[in-house]
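Numbering (full-length UniProt numbering), first residue to last: 1 to 246.
Using N, Cα and C, we set each Cβ at its ideal position, and we do this for glycine too.
Predicted model only: the values in this text are computed from it and were never measured.
Report on one structure; see the data block that follows.
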């Protein structure tokens, strides 16, 4: 019987091109990025394919399994250095070949936490300031991008006299302040990013309440007969004035 032998008359053809993959910048070396595949209509050895990357630079962060077409990570990635790689892949049956592009997009991982410029802030406010007065703007920075850098602010404990805007970090008064009741407040404020997992930093804000109507010692009534500190309440001022007139 006559045996018909297959001739290598068909070239490999990549399917589903172009190839695209997305990886986080912090995935480990050896991570499977994408599996590419080509087909060859020939039979036997003529359909056996080998895959190669055309990039040959020493620091190229990807490698490919020549038999399976699995592309893996060979070196660590850094989103700030490179956000997209374009790989050129060749599939060859020994005689004929096909090429395809592989687009690998690197996404920012939540590698940084928000950071306040200081671990402690001190501000002053007069007790007669109206409700919803902005006391201070607190801000933190995050070196990540996108949602990983979007910061939300909140107070660790509920202090009814104050509120913080979760987006801007503006601390405002929510009640009238009274110097006689309390002369200072300490707020623990946390900045938290929106990454996965979330990261945060905490600072402490000390708010000092000032007495805006303090007056120094003054003589009242007949000279040298009496002396009184102008007191902060009408009742005490009346008493001092009465003594001064005696």
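By Cβ distance, which residues of its chain are closer than 7 Å to residue 33, with the 5 residues on each side in sequence left out? Residue 33 sits at position 33 when you count from the first residue of the chain shown. Counting only Cβ-Cβ distances below 7 Å, and skipping sequence neighbours, we find 21, 23, 62, 71, 72, 73 and 104.
If you draw a straight line from the alpha carbon of residue 202 to that of residue 87, how long is it in whole angstroms? Taking the first residue of the chain shown as position 1, residue 202 is located at position 202. Taking the first residue of the chain shown as position 1, residue 87 is located at position 87. One C-alpha to the other measures close to 43 Å.
Leaving out five residues before and five after residue 17 in sequence, what residues of the same chain have Cβ atoms less than 8 Å from its Cβ? Here the question's residue 17 lines up with position 17 in the chain shown. Result list for residue 17: 100 and 101, in chain order.
Whole-angstrom distance between residue 179 and residue 129, CA atom to CA atom: In the chain shown, the residue the question calls residue 129 occupies position 129. In the chain shown, the residue the question calls residue 179 occupies position 179. So the alpha carbons of these two residues sit roughly 12 Å apart.
Residue 110: first and last residue of the uninterrupted beta strand (DSSP E) it sits in: Translated into positions along the chain shown, residue 110 becomes position 110. It is not in any beta strand (DSSP E) - residue 110 carries neither H nor E in the DSSP assignment.
Cβ neighbour criterion (16 or more within 10 Å) applied to residue 92: Position 92 of the chain shown, counted from the first residue, corresponds to residue 92. When all chains shown are included, residue 92 counts as buried.
Cα-Cα separation, residue 131 to residue 213: Here residue 131 refers to the residue found at position 131 when the chain shown is read from its first residue. Here residue 213 refers to the residue found at position 213 when the chain shown is read from its first residue. Computed Cα separation, rounded: 19 Å.
Applying the criterion that 16 or more other CB atoms from any shown protein chain within 10 Å of the CB defines a buried residue, is residue 80 buried or exposed? Counting from 1 along the chain shown, the entry for residue 80 is found at position 80. Exposed is the call here.
Which same chain residues end up closer than 7 Å to residue 78 when comparing Cβ atoms and leaving out the 5 residues on each side of it in sequence? Residue 78 sits at position 78 when you count from the first residue of the chain shown. So the list reads 25, once near-sequence residues are dropped.
Using only CA atoms, which one of 126, 107, 187 and 55 lies nearest to residue 146? Here the question's residue 146 lines up with position 146 in the chain shown. That would be 107, whose Cα lies nearest to the Cα of residue 146.
Cross-strand partners of residue 53 (DSSP beta bridge): For the purposes of this step, residue 53 is taken as residue 53 along the chain shown, with counting starting at 1. Residue 53 pairs with 89.
Taking the alpha carbon of residue 28 as the point to measure from, which residue in 208, 109 and 98 has its own alpha carbon closest? The residue you call residue 28 lines up with position 28 of the chain shown. Nearest of 208, 109 and 98 to residue 28, Cα basis: 109.
Per DSSP, what kind of secondary structure is residue 47 in: helix, strand or coil? Counted from its first residue, the chain shown places residue 47 at position 47. Reduced to three states, the DSSP call for residue 47 is helix.
Any idea if residue 124 is buried or exposed, counting beta-carbon neighbours within 10 angstroms, 16 or more meaning buried? As a working note, residue 124 is residue 124 in the chain shown. So residue 124 counts as exposed.
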